[in-house]
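Beneath this line is the structure, given in structure tokens, with notes to follow.
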Amino acid sequence: MLAGYPIILIDQPGIDACFDTDGVLASAVPRFSPRPQQVHLAKAIAEAFEDQSVLIGEAGTGTGKTFAYLVPALQSGQRVIISTGTKHLQDQLFLNDLPVVAGALSRFSTTREPTVRLLKGRANYLCRHRLVRAAMNANLRDQKNKQYLQILNDWSRRTESGDISEVIGIPDDASIWGYITSQNDFCSEHEADELSDCFVHKARQLAQQADVVVVNHHLLCADLALKDEGHGELLPSAHGFIIDEAHQLPDIAAEFFGQKITSRQLNDLVRDTIATQQLAVPDMREIREAADLVQDAIRHFRLAFGVQPRRDAWAALKQETRVAAELDRLIRLLETLTAQLYEVVQRDKGLDQCHRRASQLVGQLKTLNLKSVEGDDNDGDSERATDQYVYWFETTDRGFSLNMTPLNVAKQFRQAMQSLPATWVFTSATLAVGGDFSHFKARLGIEESAEVLVDSPFDYANNALLYLPENLPEPAAPEYTERLLQSCLPVLRASRGRAFILFTSYRALNLAERYLQEHTDFVLYCQGSAPKRELVEAFQSATNALLLGTSSFWEGVDVRGSALSCVIIDKLPFGSPADPLMSARIARMREDGGNPFFEFQVPQAAITLKQGVGRLIRDVSDRGVLVLCDPRIQSRNYGRVFVESLPPMPITRELSEVEDFISQEPELT
Numbered sequence: 047m048l049a050g051y052p053i054i055l056i057d058q059p060g061i062d063a064c065f066d067t068d069g070v071l072a073s074a075v076p077r078f079s080p081r082p083q084q085v086h087l088a089k090a091i092a093e094a095f096e097d098q099s100v101l102i103g104e105a106g107t108g109t110g111k112t113f114a115y116l117v118p119a120l121q122s123g124q125r126v127i128i129s130t131g132t133k134h135l136q137d138q139l140f141l142n143d144l145p146v147v148a149g150a151l152s153r154f155s156t157t158r159e160p161t162v163r164l165l166k167g168r169a170n171y172l173c174r175h176r177l178v179r180a181a182m183n184a185n186l187r188d189q190k191n192k193q194y195l196q197i198l199n200d201w202s203r204r205t206e207s208g209d210i211s212e213v214i215g216i217p218d219d220a221s222i223w224g225y226i227t228s229q230n231d232f233c234s235e236h237e238a239d240e241l242s243d244c245f246v247h248k249a250r251q252l253a254q255q256a257d258v259v260v261v262n263h264h265l266l267c268a269d270l271a272l273k274d275e276g277h278g279e280l281l282p283s284a285h286g287f288i289i290d291e292a293h294q295l296p297d298i299a300a301e302f303f304g305q306k307i308t309s310r311q312l313n314d315l316v317r318d319t320i321a322t323q324q325l326a327v328p329d330m331r332e333i334r335e336a337a338d339l340v341q342d343a344i345r346h347f348r349l350a351f352g353v354q355p356r357r358d359a360w361a362a363l364k365q366e367t368r369v370a371a372e373l374d375r376l377i378r379l380l381e382t383l384t385a386q387l388y389e390v391v392q393r394d395k396g397l398d399q400c401h402r403r404a405s406q407l408v409g410q411l412k413t414l415n416l417k418s419v420e421g422d423d424n425d426g427d428s429e430r431a432t433d434q435y436v437y438w439f440e441t442t443d444r445g446f447s448l449n450m451t452p453l454n455v456a457k458q459f460r461q462a463m464q465s466l467p468a469t470w471v472f473t474s475a476t477l478a479v480g481g482d483f484s485h486f487k488a489r490l491g492i493e494e495s496a497e498v499l500v501d502s503p504f505d506y507a508n509n510a511l512l513y514l515p516e517n518l519p520e521p522a523a524p525e526y527t528e529r530l531l532q533s534c535l536p537v538l539r540a541s542r543g544r545a546f547i548l549f550t551s552y553r554a555l556n557l558a559e560r561y562l563q564e565h566t567d568f569v570l571y572c573q574g575s576a577p578k579r580e581l582v583e584a585f586q587s588a589t590n591a592l593l594l595g596t597s598s599f600w601e602g603v604d605v606r607g608s609a610l611s612c613v614i615i616d617k618l619p620f621g622s623p624a625d626p627l628m629s630a631r632i633a634r635m636r637e638d639g640g641n642p643f644f645e646f647q648v649p650q651a652a653i654t655l656k657q658g659v660g661r662l663i664r665d666v667s668d669r670g671v672l673v674l675c676d677p678r679i680q681s682r683n684y685g686r687v688f689v690e691s692l693p694p695m696p697i698t699r700e701l702s703e704v705e706d707f708i709s710q711e712p713e714l715t
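And the structure:
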């Protein structure tokens, strides 16, 4: 047991007292109302902390799962790490929810209020040393970057955390961030006295001393996989882990237990090499020339894949000799740069860091090259992976990533959990499939756990209606998207817009945008036309708008009240069999004698569907219609799995019932 932990807490109110009408939380949270589901989940989590056991808990929308896990976590007196799905949720938890709950509990207890810290990955923190170097960089002397540097310099003198989310006036995608944020190589080469003003070092130290640390899944998985981005000494000191939005964890863990090389990593190396050479060894122009050649090779390698974005298995490139040739050229030029950097590593720490990064990237590129193009002995079957990994690539308009991803992280994650004996709580609104957690547990290798499933406290039976349109063609039919839009037009007219339309592909989204522009007068907000947050805010402010989105809009979108009255989903969200990860997993499960469709594809699609459906009812007074257009819900035997995974609500196939339901909304009567 760690020194000083767990704290023995006295005079702590019980779970019931915390969640009562006139209890602890009611005294601190305006309009707080008790929810039996919230209390049930909180008690299950409290028992997990008492027993130091594993708990998997699904909490339907509106349960208030954040407070349900914060109360027992803070009352446990144990050192707890809370991991969330995104940095945005991290900030919300740290800045809003935790202070409220901790403050409320402290007023009813004689124990000290727990210390709480926020910890993010390195790239979220300013490095003062790099900021100084950036000011001298010839590439940052244009007017825009001068303004950005002035903003950063002013902010750097005020900030206590160095968290760049505090900065106002610089876009998230501005290139300046790559010049001034923390890097693992830079920090690791400095002595302790040089780290006295290092924000990452300070954040890490504060986190090690805190009772509660808020991280995100990427940082958690980086620590579990002992990757550079993480802070590996943090996890062993914890007695409890709470994984919120746990449905995202298996895919994020797969990324960190594998390898990934991106064009951004390579371009960052070139940028840092040139910047450091100009400052440290301006006489060594051959380093700049070698770096310029590498940058040119990066661009030509991307172009070798073709102009259009692609995502496929490495084996699919066997006949594309240009890709292999450009990759060989990139490796050769990167080796040349590595050799030249080796000659000057003693002259500057920054050049030493660049040399080590270049050497590591050469090794990774060679490994991926040999395995994917020459070493794949799968007899032309691009859907199979070498050993336990799948080798695949993805290109965007300007960039690329080369990936080696494990087919299954169950073994690695189970070993990581076993190496950290502690309480583990996994919670989300979407973990079970038809009330069963087997799929989630199998993906993470969880063998023994307590389980709890609490339904949403929202009145779906009276406030929601599931509409299954009839006479639609099979989703593979060319006319499918147009036909489903035709069938949904009466619903949209009845609801006066106020609808999300969620698609499983960009192609369908683009078709729908053109169709709705021609056939309706509603205001259209379409994914890609503006940042996600701006689109959601604009939709919520409008009175008759439609918001069209694909995968990223299926979760994390919260619109309450009368602005949203209808959610339309075009198809059951099955992963594409052509996707390299999906196809490799399917092939491996078949080889092992399993049924990938029912054991993997259907459960994954059901969880994704639940996320999309969760956009409809976000508050106790919300009402709305859910339209599931895919006819397979009615025509296939697996359709019941999807329906049984949704909140219980009336189902209709009659348009007139939908129109009657909508007409009963107070705003429309």
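One rule links them: number in the working numbering = place in the sequence shown (from 1) + 46. Each residue gets a CB set at the ideal place from its N, CA and C atoms; glycine is no exception. Since the model is a prediction, treat every value here as computed from it, not as a measurement.
- Scanning L594, L548, G286 for the CA closest to the CA of V569 turns up L594.
- When only Cα atoms are considered, P619 and S681 end up about 16 Å apart.
- The Cβ-Cβ distance between E381 and V340 does not fall below 7 Å.
- Residue V261 holds the alpha-carbon nearest to the alpha-carbon of G131 among V261, R542, V582, L315.
- Contact check for V436 against L627 passes: the beta carbons are separated by less than 7 Å.
- Take the alpha-carbon of N508 and the one of E580: they are about 32 Å apart.
- Its Cα nearest to that of F549, the residue G658 stands out among D338, G658, S541.
- Annotation: Y388 to A404 spans about 10 Å, alpha carbon to alpha carbon.
- Bridge partners of K306 according to DSSP: N449.
- Y684 sits in coil when the DSSP states are folded into three classes, being neither helix nor strand.
- Between the C-alpha atoms of L186 and I222 there is a straight-line separation of about 8 Å.
- Counting along the chain, T566 sits inside no alpha helix (DSSP H), nor does DSSP assign it H or E at all.
- Here H175 is buried, its C-beta having at least 16 other C-beta atoms within 10 Å.
- By alpha-carbon distance to E711, the top candidate from E559, G149, D668, V327 is D668.
- Apart from the 5 residues on each side of it in sequence, K89 sits with its Cβ closer than 6 Å to the Cβ of I61 in its chain, given in chain order.
- Distances from the CA of L144 to each of N454, A114, L172, Y171 were compared; the closest alpha carbon is that of A114.
- Only exposed fits N517, as fewer than 16 other CB atoms lie within 10 angstroms of its CB.
- Remark: C-beta atoms of I344 and S129 do not approach each other more closely than 7 Å.
- Assignment of V258 by DSSP, reduced to helix, strand and coil, places it in the strand class.
- L511 is positioned such that its CB atom lies closer than 7 Å to that of V671.
- Within the same chain, and ignoring the five residues on either side of A462 in sequence, the residues whose Cβ sits closer than 7 Å to its Cβ are L270.
- Restricting attention to L135, R553, V258, the CA atom closest to the CA of D604 is found in L135.
- Taking all protein chains in view, the Cβ of R699 is surrounded by fewer than 16 other Cβ atoms within 10 Å, so the residue is classified as exposed.
- Annotated as proximal: F504 and I663, with beta-carbon spacing under 7 Å.
- The three-state reading of DSSP puts C244 in coil, since its state is none of H, G, I, E or B.
- Per DSSP, the continuous beta strand (DSSP E) segment holding V671 begins and ends at 670-674.
- Going by beta carbons, T596 and Y552 fall inside the 7 Å limit.
- Selection L363, Y571, A468 evaluated against A119 yields A468 as nearest (Cα-Cα).
- A distance below 8 Å between beta-carbons, with the five flanking residues on each side excluded, links N313 to the following residues of its chain, in chain order: Q341, I344.
- Here L165 really is in contact with L265; their C-beta atoms are around 7 Å apart, less than 8 Å.
- Counting other Cβ atoms within 10 Å of its Cβ, A385 stays below 16 and is therefore classed as exposed.
- Counting along the chain, the unbroken beta strand (DSSP E) around E104 starts and ends at 100-105.
- Residue burial is scored here from C-beta neighbours: G481 has fewer than 16 other C-beta atoms within 10 angstroms and is therefore classed as exposed.
- Between L281 and L466 a beta carbon distance of about 6 Å is seen, short of the 8 Å cut, so the two are scored as contacting.
- Secondary structure of F643 (DSSP, three-state): helix.
- Take S122, set aside five residues on each side of it, and the residues of its chain with a beta-carbon closer than 6 Å to its own are F95, in chain order.
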